[in-house]
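First up is the structure itself, then whatever we jot down about it.
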Amino acid sequence: MTDKETYQRFIDWFRRTWWDLPESVHLHPMIETYLTPEEVDLLTNIPHSSQGIEEIARTKGMAPETLEPRLRALANRGMIYESSREGSVRYRLNDSFFAMLRAALWPGRTDEATKNSAPHINRYFLDGWMDQYAEVHLKGLRALPIDRTIEDKREIMPHEDVVHVVDDKKYFCVTTCPCRHRHNLDPDMPDCPHPTEVCLHFDELAHYIVNNGLGREITREETRDILKKAADSGLVHGVSNWKDGVDTICNCCSCCCMWFESFHKLGHSASMDASNYRIQVRPETCKACALCVKRCPVDALQLRVSPQARNKFGKAAVLDPDRCIGCGVCSHKCPSQSLRLVPKDQAELTEPPRDPREYMKHYLADRKAAAAKNQNTAD
Numbered sequence: 016m017t018d019k020e021t022y023q024r025f026i027d028w029f030r031r032t033w034w035d036l037p038e039s040v041h042l043h044p045m046i047e048t049y050l051t052p053e054e055v056d057l058l059t060n061i062p063h064s065s066q067g068i069e070e071i072a073r074t075k076g077m078a079p080e081t082l083e084p085r086l087r088a089l090a091n092r093g094m095i096y097e098s099s100r101e102g103s104v105r106y107r108l109n110d111s112f113f114a115m116l117r118a119a120l121w122p123g124r125t126d127e128a129t130k131n132s133a134p135h136i137n138r139y140f141l142d143g144w145m146d147q148y149a150e151v152h153l154k155g156l157r158a159l160p161i162d163r164t165i166e167d168k169r170e171i172m173p174h175e176d177v178v179h180v181v182d183d184k185k186y187f188c189v190t191t192c193p194c195r196h197r198h199n200l201d202p203d204m205p206d207c208p209h210p211t212e213v214c215l216h217f218d219e220l221a222h223y224i225v226n227n228g229l230g231r232e233i234t235r236e237e238t239r240d241i242l243k244k245a246a247d248s249g250l251v252h253g254v255s256n257w258k259d260g261v262d263t264i265c266n267c268c269s270c271c272c273m274w275f276e277s278f279h280k281l282g283h284s285a286s287m288d289a290s291n292y293r294i295q296v297r298p299e300t301c302k303a304c305a306l307c308v309k310r311c312p313v314d315a316l317q318l319r320v321s322p323q324a325r326n327k328f329g330k331a332a333v334l335d336p337d338r339c340i341g342c343g344v345c346s347h348k349c350p351s352q353s354l355r356l357v358p359k360d361q362a363e364l365t366e367p368p369r370d371p372r373e374y375m376k377h378y379l380a381d382r383k384a385a386a387a388k389n390q391n392t393a394d
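Residue numbers (my numbering): 16 to 394.
Rendered as structure tokens:
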């Protein structure tokens with residue numbers, strides 16, 4: 016079998032998950048620059064659901080003691096998920112979304128494989144790969160309001176309270192932001208000015224990350240410090256879009272984040288899902304400094320002439336409520352405290368799925384509906 020056939024065989028196996036690998040001139044270069052022919056040959060037919068080493072060894076026709084160290088080496092590169100339940104270690108092949116857009120980039124490595132694959136990931140991302148989310152109503156992340164930007168916290172739901180989310184966790188780690196890292200490694204893209212070691216993960220996922228050298232363990236207090244640093248830098252807290260078993264808080268910039276990039280560059284109708292809060296502007300105290308306009312990740316604020324403005328410009332910030340995601344990035348640094356997050360009206364409130372399994376049901380239903388719609392259009 017030629018190397019080309021070996022790679023194609025792996026790609027055919029790699030795409031048999033919820034996340035497809037659509038054809039593109041950038042697909043093969045992305046895989047071939049990150050993985051060797053020997054690595055993809057080993058990964059082909061590794062199960063997509065977790066199995067013990069003995070069972071996988073039978074599938075691969077290898078001795079367990081030969082196979083296991085090779086699987087662990089690929090877990091260290093984000094391709095294999097390794098978990099332990101009741102003393103039994105189990106392995107599975109990660110889907111391409113988790114492996115290539117997240118785990119491979121979490122360590123922040125600058126080795127040749129990572130550097131060479133990053134530009135291809137960026138181009139493939141824009142050439143149809145991320146459009147799988149174009150007609151999905153629930154995105155992978157939901158905006159989590161910055162703690163001190165909410166006007167009245169008496170009725171805040173636990174899944175929208177960043178303090179509660181962190182306090183509910185037992186084990187913490189931090190990784191490099193994968194979106195920022197792939198952009199910074201690409202010579203054709205500008206460097207991002209924001210801090211990079213800001214992606215937070217919890218409990219089982221955090222153990223996997225730390226055990227495989229993809230990130231480092233931190234304390235609860237360090238987690239809070241990173242959240243504060245991220246908020247000060249103008250980053251959006253993006254939390255796993257379900258209530259139970261939240262495993263990630265990303266801290267996202269509008270220039271690199273996959274969700275904001277999809278919104279700004281690919282024309283998707285939404286970035287990450289909005290919180291149940293919305294910015295309210297006090298035009299009479301607004302200084303028309305435009306800091307909020309610059310900080311907003313979705314261009315939801317503009318300066319306009321306002322009869323209520325008392326500054327020398329006669330202008331105040333004006334909100335486009337349909338674009339606001341309720342993150343609080345604008346109000347966090349407002350020098351005149353003219354912006355605050357307030358709850359949306361009852362009819363506008365939304366609730367995320369219960370857990371990852373329920374989230375995936377919503378995702379697959381939306382993808383099925385989109386496919387049927389596109390088929391009807393084609394007919």
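Glycine is no exception: its CB is placed at the ideal position from the N, C-alpha and C atoms.
Distance from the CA atom of Q361 to the CA atom of M273, rounded to whole angstroms, is 30 Å. In terms of Cβ geometry, P62 and R107 form a close pair [threshold 9 Å].
Contact between D262 and D218 holds, since their C-beta atoms are separated by about 6 Å, short of 8 Å. Per DSSP, the beta bridge partners of R293 are V357.
CA-CA distance, K359 to F112, rounds to 32 Å. In the three-state reduction of the DSSP assignment, Q352 falls in the coil class.
Beyond the five residues adjoining it in sequence on each side, W28 comes within less than 7 Å, by CB distance, of T59, N60 in the same chain, given in chain order. Of L364, T32, I46, the smallest CA-CA separation from Q23 is found for I46. Take the alpha-carbon of V313 and the one of E101: they are about 45 Å apart. Here the stretch 324 to 331 does not lie against the stretch 367 to 375, with fewer than 3 beta-carbon pairs under 8 Å apart. Distance from the Cα of Y148 is smallest, within the candidate group N391, D176, K388, R382, for R382.
Taking C-beta separations shorter than 7 Å and ignoring five residues to either side along the sequence, the partners of C188 in its chain run H216, A221, I224, V225, G230, R231, E232, I233, following chain order. Annotated as distal: P336 and A305, with beta-carbon spacing of 9 Å or more.
Contact check for D201 and N137: beta-carbon distance about 5 Å, within the 8 Å limit, so the pair qualifies. For Q23, the enclosing alpha helix (DSSP H) has its first and last residue at 18 to 29.
For secondary structure counted as the alpha helix (DSSP H) over 4 or more consecutive residues, the stretch 126 to 207 holds these complete runs in sequence order: 127 to 139, 177 to 182, 193 to 200. For the 9 Å CB-CB criterion, H252 and N266 form a contact.
Taking C-beta atoms as the reference points, G93 and A118 count as a pair closer than 9 Å. Secondary structure at K75: helix, using DSSP grouped into helix, strand and coil. E366 carries a coil assignment under DSSP once its states are collapsed to helix, strand and coil. Straight through space, the alpha carbons of S351 and L379 are spaced by roughly 45 Å. Residue pairing from DSSP leaves K327 without any beta-bridge partner. With respect to the 9 Å criterion, N256 and R157 are classified as neighbours on the basis of their beta carbons.
Going by DSSP, E232 is part of the beta strand (DSSP E) stretching over 231 to 233. DSSP places I95 in the uninterrupted beta strand (DSSP E) bounded by 95 to 100. Looking at the DSSP output, L250 shares a beta bridge with no other residue. Listed in chain order, the non-local C-beta contacts of K302 below 6 Å within the same chain comprise N326, S351, local neighbours out to five positions each way being set aside. Just measuring C-alpha positions, the residue of K348, R355, K258, I71 sitting nearest Q295 is R355.
M115 sits buried, since 16 or more C-beta atoms from the chains shown fall within 10 Å of its C-beta.
Excluding five sequence positions before and after N109, the CB atoms of its chain that fall closer than 7 Å to its own CB belong to G93, M94, I95, Y96, A118, given in chain order.
In the three-state DSSP reduction, A384 falls in the helix class (H, G or I). Burial is judged here by how many other beta carbons sit within 10 angstroms of a residue's own beta carbon; K75 has at least 16 and is buried.
In this structure M16 is exposed. Its beta-carbon is surrounded by fewer than 16 other beta-carbon atoms within 10 angstroms.
Ranked by Cα distance from C349, the first of V308, M375, H377, E236 is V308.
Straight through space, the alpha carbons of S346 and P322 are spaced by roughly 22 Å.
Taking all protein chains shown into account, P160 has 16 or more neighbouring C-beta atoms within 10 Å of its C-beta and is therefore buried.
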